[in-house]
Ligand SMILES: Nc1ncnc2c1ncn2[C@@H]1O[C@H](COP(=O)(O)OP(=O)(O)O)[C@@H](O)[C@H]1O
Ligand SMILES: [Mg+2]
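In structure tokens form, the structure reads like this:
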């Protein structure tokens, strides 16, 4: 394995696993994959929390959450000793948004974009604020899976997401630019590992998304990216591609998961997301 030099035994703070959906490019399907995977895991009987770490709050919008409520931003600032006094105290229960499907949400808000500035001068480690929060709030005990939807950057919010994760899933669009983006991303993982702050999360899989069978170039771009993934992870850590599907656009416009639809056109998507949920479960079992 290329990554994993700092691997240690898991502590006993709960068995729940944290998984980030990452790619510094926007529009590759992080939010879409994270949202539907959360519902796929809930379908299997798991208790799932989704954490929206993107100030653009697309995920929170999908959950139909109103603006101006308390967000993950308040919880994170409350975790930092030096900042605590300056902010109103909030707890998990004040912020979490619960749904009947067994998927809960810690929503984001625009103000999360000021996170980096807010913590710029604190002495405690800035990279592990989310990790610390997850531990303090005992979230690994409350949930089987905590899925983090990341913003399209490689900034402090993403570093925090990586540092709190056990695993990462990387959706990408199979084009030339993605190749460069993935190379940057792997380099960043290497940098984080070198900091020796945390045990680096495992790459669970990559998801080629928004394939368009009419673009000939795509097949060869995808092939090259698969070679890169094999080189970096030492493994074939990618799954069958998702094509550009009207059903995904339609369900998201209605703020619904693909499991809210039972018609024939949705079956292949159900199967694809069921496979992702099974893959996550196998990865989890293998790490026990
Ligand atoms: N496989 C797909 N087929 C059709 N539309 C998709 C697919 N995956 C994502 N989309 C759409 O593409 C846009 C960008 O996806 P999104 O998940 O928001 O990306 P990101 O979170 O990486 O910025 C959204 O409008 C989403 O509905
Ligand atoms: Mg997004």
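In the UniProt record's numbering, the protein residues as written are 1 to 288. All C-beta atoms, glycine included, are put in the ideal place defined by N, C-alpha and C.
* Would residue 195 be called buried (16 or more neighbouring beta carbons within 10 Å of its own) or exposed? -> Classification for residue 195: exposed.
* Going by C-alpha distance, which of 142, 13, 63 and 31 is nearest residue 47? -> Here the closest residue by C-alpha is 142.
* Hey, would you say residue 151 sits closer than 8 angstroms to residue 56, going by beta carbons? -> Going by beta carbons, residue 151 and residue 56 fall inside the 8 angstroms limit.
* Tell me which same chain residues have a C-beta within less than 6 angstroms of the C-beta of residue 296, skipping the five on either side of it? -> Nothing can be reported for residue 296, as the shown portion of the chain is limited to 1 through 288.
* To do: Report yes if the C-beta of residue 190 is less than 7 angstroms from at least one heavy atom of ligand 1; otherwise report no.
  => Here the distance from the Cβ of residue 190 to the nearest heavy atom of ligand 1 is not below 7 angstroms.
* Local conformation of residue 18 per DSSP, three classes -> Note: residue 18 maps to strand in three-state DSSP.
* Under the three-state DSSP convention, the category residue 259 falls into -> Residue 259 falls in the helix class under three-state DSSP.
* Kindly indicate which three-state DSSP category residue 197 falls into: helix, strand or coil? => Of the three classes helix, strand and coil, the one that applies to residue 197 here is coil, per DSSP.
* Near ligand 2, which residues have their beta-carbon less than 5 angstroms from any of its heavy atoms, given in chain order? -> Having a Cβ closer than 5 angstroms to some heavy atom of ligand 2 are 30, 31 and 58.
* Any idea if residue 249 is buried or exposed, counting beta-carbon neighbours within 10 angstroms, 16 or more meaning buried? -> It counts as exposed.
* With hydrogens ignored, establish whether the beta-carbon of residue 152 is closer than 7 angstroms to any heavy atom of ligand 1. => For residue 152, the shortest separation between its Cβ and any heavy atom of ligand 1 lies below 7 angstroms.
* Asked: Is residue 37 close to chain B, meaning its C-beta is less than 8 angstroms from at least one C-beta of that chain?
  -> Checking the listed chains, one finds no chain B in this structure; it contains a single protein chain.
* Spatial neighbours of residue 97 within its chain, please: CB distance less than 7 angstroms, with the 5 preceding and 5 following residues excluded, ordered by chain position. => Shown here for residue 97: same chain residues with a beta carbon closer than 7 angstroms to its own, the five before and five after excluded, namely 63, 65, 104, 105 and 107 in chain order.
* Would you kindly report the start and end of the unbroken alpha helix (DSSP H) that includes residue 61? => For residue 61, the uninterrupted alpha helix (DSSP H) segment begins and ends at 58 to 62.
* To do: Flag residue 73 as yes when its Cβ comes closer than 7 angstroms to any non-hydrogen atom of ligand 1, and as no otherwise.
  => Not under cutoff, so the answer is no.
* Cross-strand partners of residue 171 (DSSP beta bridge) -> DSSP lists 207 as partners of residue 171.
* Asked: What residues are listed by DSSP as bridge partners for residue 149?
  -> 21 and 52.
* Counterpart residues of residue 104 in DSSP-defined beta bridges -> According to DSSP, which records beta bridges pairwise, residue 104 is partnered with 49.
* Which class does residue 242 belong to by DSSP, given the choice of helix, strand or coil? -> Of the three classes helix, strand and coil, the one that applies to residue 242 here is coil, per DSSP.
* Asked: When we look at the beta-carbon of residue 29 and count the other beta-carbons within 10 Å, is it buried (16 or more) or exposed?
  -> Burial call: buried.
* **Beta-carbon gap between residue 304 and residue 129 smaller than 8 angstroms** => There is no way to answer for residue 304, as the model of the chain reaches only from 1 to 288.
* To do: Locate the alpha helix (DSSP H) running through residue 111, then write down its first and last residues.
  => Looking at the DSSP string, residue 111 is not in any alpha helix (DSSP H), and its letter there is neither H nor E.
* Closer than 7 angstroms: is that where the CB of residue 272 sits relative to any heavy atom of ligand 3? -> By its list of ligands, the structure shown excludes ligand 3, since it contains just ligand 1 and ligand 2.
* Asked: What is the DSSP secondary structure of residue 69, counted as helix, strand or coil?
  -> Looking at residue 69 - three-state DSSP - the assignment turns out to be coil, as it is neither helix nor strand.
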